[in-house]
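Down below is the structure, laid out as structure tokens.
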Amino acid sequence: MRVVYLYQYYKSLQGSGSTRAYEFVRRLRAAGHEVLVITSSARLVDFVGRRRSGVVEGDVDGVTVWAVPSTYSNRMGYVSRVLDFLRFAWLSSLAVLRTRRPDVIFASSTPLTVAIPALVGRLLRRIPLVFEVRDLWPEVPEGMGILRNRLLLSAAKGLAGLTYRCSANIVALSPGMRDGILKYGIPRERIMVIPNGSDLDLFRPGMDGAPLRRTHGLEKAFLLVHTGAMGLVNGLDFLLPVCQVLEKRLPSAVICLVGEGGQRARLEAQAGSLRLTNLRFYGPVPKGDVPQWLAAADVGIMLIRRLPILEMNSANKFFDYAAAGLPCLMNYGGWKAELLRKYGAGVSVESDDPEVFGAAVVALAKDSAALEAMGRQARRLAEVEFDRDRQFSRLQECLLAAADSGH
């Protein structure tokens, strides 16, 4: 099977953040399929190639990659992001038109504008399409109050609906996303839920986190780690009053934020003005280095702005924590909270009260036996529910069915 994989933020293990696409591409190649990745250069590290027709053609770990040059950053403002999205959509559409005809296009959002080159391939070249929904757009920006223009909302919902109808199959990253797609009148049998996965070889319980603790002066800390983006969705302002609570109730607690995002500079400034010594900021690290941070941590934390639309997310850190055997503490409900309760792999504190969240941290710190049991159950959760190899088998089945249907 020949696959064109459309994803705007493709990266290898040298990049920071989710490597879902990279892991699926690696497995597609190992299964004997031919893959061309069309992406932007925004998340590629040390990528070089030959400039041709608006893209740079190169190689990433043996896979052919066509990258649209991009300076995208999650520190960009709204207008700059939209312009970058549209530029990628235009140049990747041209790239799709000149590819050797594949058996299937696999297009992964966000942003929703990746649907434009996907539809170019589907409608103009009659290539079967499988569309992956990583976040419901425009429902998420609408629910957050970021996208309010009625005309733009109508256009975005029209684009989403058209893409869903033109797709042979749709991959949703959570049950809630599937339910959102169903509202467009899409038959349930065409939607497959494949959440983010756990890399069970990369993340392993029992790794030695002591060297990282020594490097950063954290030998005696009760260490809580948050990896990944620091954006509006994450609601990390909540940690400022939580840290004030912990200063009094658990002086050994330290929260480390490891990553980047549009809110980081503001959060650092506020933490400085409050003279918080138990909230520390570290830059993004390659995916291959994340296991060291999780091995050093006692608890992995997950936060969002507490809006119902955001509870359906499939944030990559949840699956990394589980694979590492790291108990998870989160401030919201939804499908991941239900899994934590089912497996006893962590704690969901569905509250905006920093005193309540701080009390949960204190309780975890004072019960080492319970914490160890949660860690064991976290690994079991990863193995039973989110093994990347089993997820790939389901994705491959989905792609082959679309290719064979010719739809």
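One gets the numbering used here by counting positions in the sequence shown from 1 and adding 1300 to each.
Quick reminder that beta carbons are idealized off the backbone N, C-alpha and C, glycines included.
- For Gly1480, the enclosing alpha helix (DSSP H) starts and ends at 1475 to 1482.
- Where Val1420 is concerned, there is no enclosing beta strand (DSSP E), because DSSP gives it neither an H nor an E.
- Two segments are said to touch when three or more pairs of C-beta atoms, one from each, lie closer than 8 Å; by this definition the stretch 1575 to 1587 does not touch the stretch 1604 to 1613.
- For Val1661, DSSP records no beta bridge to any residue.
- In the three-state reduction of the DSSP assignment, Ser1573 falls in the helix class, which pools H, G and I.
- Annotated three-state conformation of Ala1565 is helix, per DSSP.
- Contact between Ala1595 and Asp1537 is ruled out by a C-beta separation of about 28 Å, above the 8 Å threshold.
- Distance from the Cα of Pro1369 is smallest, within the candidate group Val1382, Asp1361, Arg1343, for Arg1343.
- By the 16-neighbour rule on beta-carbons within 10 angstroms, Val1348 is exposed.
- Taking C-beta atoms as the reference points, Asn1616 and Asn1534 fail to come closer than 8 Å.
- When the alpha-carbon of Ala1624 is set against those of Gly1646, Leu1603, Ile1604, the nearest one is in Gly1646.
- Between Val1363 and Gly1332, the alpha-carbon positions lie close to 12 Å from each other.
- In the structure shown, the three-state DSSP call for Ala1407 is strand.
- With respect to the C-alpha of Phe1581, the residue from Leu1394, Ser1552, Ala1460, Leu1524 having the closest C-alpha is Leu1524.
- In chain order, Ala1415, Phe1431, Glu1432, Val1433, Arg1434, Asp1435, Trp1437 place their CB closer than 8 Å to the CB of Ser1409, counting only its own chain and leaving out the 5 sequence neighbours on each side.
- At the C-beta level, Pro1487 and Ser1705 stay beyond 8 Å of one another.
- Residues Gly1600, Cys1628 of the same chain have their beta carbon placed closer than 6 Å to that of Tyr1621, with the five preceding and five following residues left out of the count.
- Given a length threshold of 3 residues, each whole run of the beta strand (DSSP E) inside the stretch 1347 to 1394 is given here in chain order: 1349 to 1352, 1355 to 1360, 1363 to 1368.
- Across the set Val1545, Glu1560, Gly1562, the C-alpha of Val1545 shows the shortest separation from the C-alpha of Val1554.
- Here DSSP, grouped into helix, strand and coil, assigns Phe1324 to helix.
- The C-beta distance from Asn1469 to Cys1698 rounds to 5 Å, short enough to meet the 8 Å contact threshold.
- Comparing C-alpha distances from Arg1398 to each of Arg1352, Gln1314, Glu1683, Gly1443 shows the shortest one belongs to Arg1352.
- The beta carbons of Ala1407 and Leu1306 sit about 4 Å from each other, so the pair counts as a contact at 8 Å.
- In this structure Arg1564 does not touch Met1602 by the C-beta definition: roughly 17 Å separates them, more than the 8 Å allowed.
- Within the DSSP secondary-structure output, Met1630 pairs in a beta bridge with Met1602, Ser1648.
- Proximity to Ala1678 across Phe1692, Leu1639, Arg1575 peaks at Leu1639, based on C-alpha coordinates.
- In the DSSP assignment, Ala1595 falls within the unbroken alpha helix (DSSP H) covering 1590 to 1596.
- Rounded to whole angstroms, the gap between the alpha carbons of Arg1575 and Leu1626 is 29 Å.
- Taken through DSSP and simplified to helix, strand or coil, Asp1653 comes out as coil.
- Look at the beta carbons and you see the stretch 1439 to 1448 not touching the stretch 1416 to 1424: under three pairs across the two are nearer than 8 Å.
- Spatial neighbours of Pro1475 in its own chain (CB-CB distance under 7 Å, excluding positions within 5 residues in sequence) are listed in chain order as Val1493, Trp1635.
- Judged by DSSP in its simplified three-state form, Tyr1464 adopts helix.
- Distance from the CA atom of Gln1570 to the CA atom of Val1542, rounded to whole angstroms, is 13 Å.
- Closest in alpha carbon position to Lys1520, among Ile1491, Asn1578, Asp1479, is Asn1578.
- By the 16-neighbour rule on beta-carbons within 10 angstroms, Glu1439 is buried.
- Around the beta carbon of Val1379, fewer than 16 other beta carbons lie within 10 angstroms, which makes this residue exposed.
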